[in-house]
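When the letters of the sequence shown are read in order and numbered with our numbering, they come out as residues 7 to 451. Cβ atoms here follow ideal geometry from the backbone N, Cα and C, with glycine treated the same way. Predicted model only: the values in this text are computed from it and were never measured. Input: a single structure, listed below in structure tokens.
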Amino acid sequence: MSGRVRTRVDRGTGELVAYSDAAVRNNLAVIEYCRTSMAALSGATAGMLGLTGLYGFLFFLAAGVVLWLLLLLKAGSRWQQFFEKSIFWKHLKAVSYIGQYIMSRQLLSGHKVKQESEEVVKNMKILSFIHGVVRILPEGWLYPGTAPTFIDRISNMKFRSDDVMVMTFPKCGTTWMQEIVWTMLHNPNLDNPKEDETIFLRSPDLSYDMIFDSKSLGGSPIKPIAERFKEIHPGKEMDNGVMADILEALGGPRVIKNHFPFPLLPRDILDTIKVVYVARNPKDMTTSFWNFYSSTNVHEFRGDIDSFARLIMNDGMIYCPYWPHVMAAWEKRHHPNLHFVFYEDLISDIMHELRKINEFLGAGLSEEKLEAIKRHISFSSMKSRVGTLPGNPFKKEQDKTVFFRKGIVGDWKNNFSPELQEEMDQWIKKNLTDTDLNLSWALAE
7 MSGRVRTRVD RGTGELVAYS DAAVRNNLAV IEYCRTSMAA LSGATAGMLG LTGLYGFLFF
67 LAAGVVLWLL LLLKAGSRWQ QFFEKSIFWK HLKAVSYIGQ YIMSRQLLSG HKVKQESEEV
127 VKNMKILSFI HGVVRILPEG WLYPGTAPTF IDRISNMKFR SDDVMVMTFP KCGTTWMQEI
187 VWTMLHNPNL DNPKEDETIF LRSPDLSYDM IFDSKSLGGS PIKPIAERFK EIHPGKEMDN
247 GVMADILEAL GGPRVIKNHF PFPLLPRDIL DTIKVVYVAR NPKDMTTSFW NFYSSTNVHE
307 FRGDIDSFAR LIMNDGMIYC PYWPHVMAAW EKRHHPNLHF VFYEDLISDI MHELRKINEF
367 LGAGLSEEKL EAIKRHISFS SMKSRVGTLP GNPFKKEQDK TVFFRKGIVG DWKNNFSPEL
427 QEEMDQWIKK NLTDTDLNLS WALAE
């Protein structure tokens, strides 16, 4: 959406110049990014020192000086016109190549960060990523431009031996599994008053800060989270993220939500903590993902399910690619600290899966308590408690259950055209060739 077109008088020529609200927002976003992202600049500098040595560092400094001169010297019409043409990220590299160095930084994990073009953001048809998007290489994961700082923070995070992480690709049963694990560990008698807290606080999300960046959303984080952060750090600004501090202050055993894949986590994480990984039929995942991103004020995807599914298949949507995420966990499924479960198995025989999770966690719950937990974590029960779960802090008012839509298997059949079914089936077959992961049950009948 380009926004309303306005006019102003050029101070140098006296001519009437047209500009749009969207252009102003983009200009301000880039200036704000340059002003506040010192962590990103530091990371870029460190990466260049490792790649190009002293000469690269000196070039980086010189390019930075050139960029800031261009930002400041805009009083005359000639400079102002050049400034207006070069302020967008797609022109930033042409100005001084500093964008290439800032956005080609290296993460602590060894991954490279590549700034994606504006075209990638436009193709996503999502409004909320004012910092642009980046690719984490070599796998090519697509994340908001703020992600590298928080991924590096996770690399330095001190995990505890009693931590349990719920890991999924988005819309694969994450919140359901969070409730199962948290209830088993903290509410086996279903009488814990903390149940009334939002699950964002009971089970903090490692990927929260890159999505719910206060500048991207034009405001502070979700109210209960902001209040908790202020309790922990009175007077501290929230611009650099909140979840790491909230997680650090949480008593154990901590139940941690995470959408980042294994390669972006500490390499020895399974030697320290337990991880429950939930996988799902990618066609149902896509259907749920599309409904979610189309139904929230945060993202407001503006397209049909066919266009969304093709973005998923072509790695053009946030969190993609899907298959490396799943396969990284599948290959570790025999590790004693990893429990790999399919969403479809939870649906088909929840008691059987609850028993396995109970054993994996070492919770030692009786059959009677597992039966009670089964009722407590049913979709109808969770929908009735939607105020304590993450559905309503950032939803559209008309949608009270954006996180809990149907909770069924095979809903893709109600949404996919025959052409899309065939495309996704071929995509699944192609990506499972030469693997031992069998998803034949996910294909069209």
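- With fewer than 16 other Cβ atoms inside 10 Å of its own Cβ, Ile238 counts as exposed.
- A straight-line Cα-Cα distance of about 11 Å links Pro259 and Leu367.
- The residue among Tyr349, Asp202, Glu254 and Val170 with its C-alpha nearest the C-alpha of Pro230 is Asp202.
- For the pair Ser209 and Ile157, the CB atoms are not nearer than the 9 Å cut-off.
- Every beta strand (DSSP E) stretch that sits fully inside the region 197-277 and reaches 3 residues is listed by chain position as 261-264.
- Pairing Ser300 with Phe266 gives a Cβ-Cβ distance that is not under 9 Å.
- Going by DSSP, Ala285 is part of no alpha helix (DSSP H) but of the beta strand (DSSP E) stretching over Lys280 to Ala285.
- Going by DSSP, Trp182 is part of the alpha helix (DSSP H) stretching over Thr180 to His192.
- Beyond the five residues adjoining it in sequence on each side, Asn162 comes within less than 6 Å, by CB distance, of no other residue in the same chain.
- For Arg141, the enclosing beta strand (DSSP E) has its first and last residue at Val139 to Leu143.
- By the neighbour-count criterion, in which 16 or more other beta carbons inside 10 Å mark a residue as buried, Lys177 falls on the buried side.
- Judged by pairs of C-beta atoms under 8 Å, the region 321-331 touches the region 142-157, as three or more such pairs exist.
- The shortest C-alpha to C-alpha distance from Val139 to any of Leu113, Lys236, Met216 and Ile186 is the one to Met216.
- Of the residues Thr155, Asn195, Thr152 and Glu124, the one whose Cα lies closest to the Cα of Leu376 is Asn195.
- Per DSSP, the continuous beta strand (DSSP E) segment holding Pro150 begins and ends at Trp147 to Pro150.
- Taking C-beta atoms as the reference points, Met357 and Val282 fail to come closer than 9 Å.
- Note that the region 306-323 does not touch the region 373-387; fewer than 3 beta-carbon pairs, one per stretch, sit closer than 8 Å.
- Between the alpha carbons of Gln427 and Asp321 lies a distance of about 18 Å.
- Taking all protein chains in view, the Cβ of Ala255 is surrounded by fewer than 16 other Cβ atoms within 10 Å, so the residue is classified as exposed.
- In this structure, Leu270 lies near Leu113, with their beta-carbon atoms less than 9 Å apart.
- With contacts defined by Cβ atoms closer than 9 Å, Ile311 and Val170 do not form a contacting pair.
- Separation of the CB atoms of Val172 and Asn264 is rounded to 7 Å, and the pair is thereby assigned contact status at 8 Å.
- Residue range Ile356 to Leu367 is occupied by the alpha helix (DSSP H) that includes His358, with no beta strand (DSSP E) assigned at that position.
- A straight-line Cα-Cα distance of about 13 Å links Gly179 and Phe346.
- For His341, the CB contacts under 7 Å within the same chain, skipping 5 residues up- and downstream, are Leu276 in chain order.
- By the neighbour-count definition (other C-beta atoms within 10 Å, threshold 16), Lys289 is a buried residue.
- When the alpha-carbon of Arg111 is set against those of Phe385, Val126, Glu243 and Arg141, the nearest one is in Arg141.
- For Phe268, the closest C-alpha among the options Glu185, Phe175, Ile252 and Met323 is that of Phe175.
- For Lys289, no pairing in a beta bridge is given by DSSP.
- Restricting attention to Arg159, Ser115, Trp418 and Lys435, the CA atom closest to the CA of Phe295 is found in Trp418.
- When the five nearest sequence neighbours on each side are left out, the beta carbons in the same chain lying within less than 8 Å of the beta carbon of Leu191 are those of Val170, Pro259, Val261, Leu367 and Ala369, in order along the chain.
- Linking Glu350 to Leu253 through their CA atoms gives a straight-line distance of about 30 Å.
- Of the other Cβ atoms in all chains shown, 16 or more fall within 10 Å of the Cβ of Thr152; this residue is therefore buried.
- With 16 or more other Cβ atoms inside 10 Å of its own Cβ, Asp211 counts as buried.
- With respect to the 9 Å criterion, Met249 and Ala232 are not classified as neighbours on the basis of their beta carbons.
- If you look at Met171, you'll find it in the beta strand (DSSP E) that goes Val170 to Thr174.
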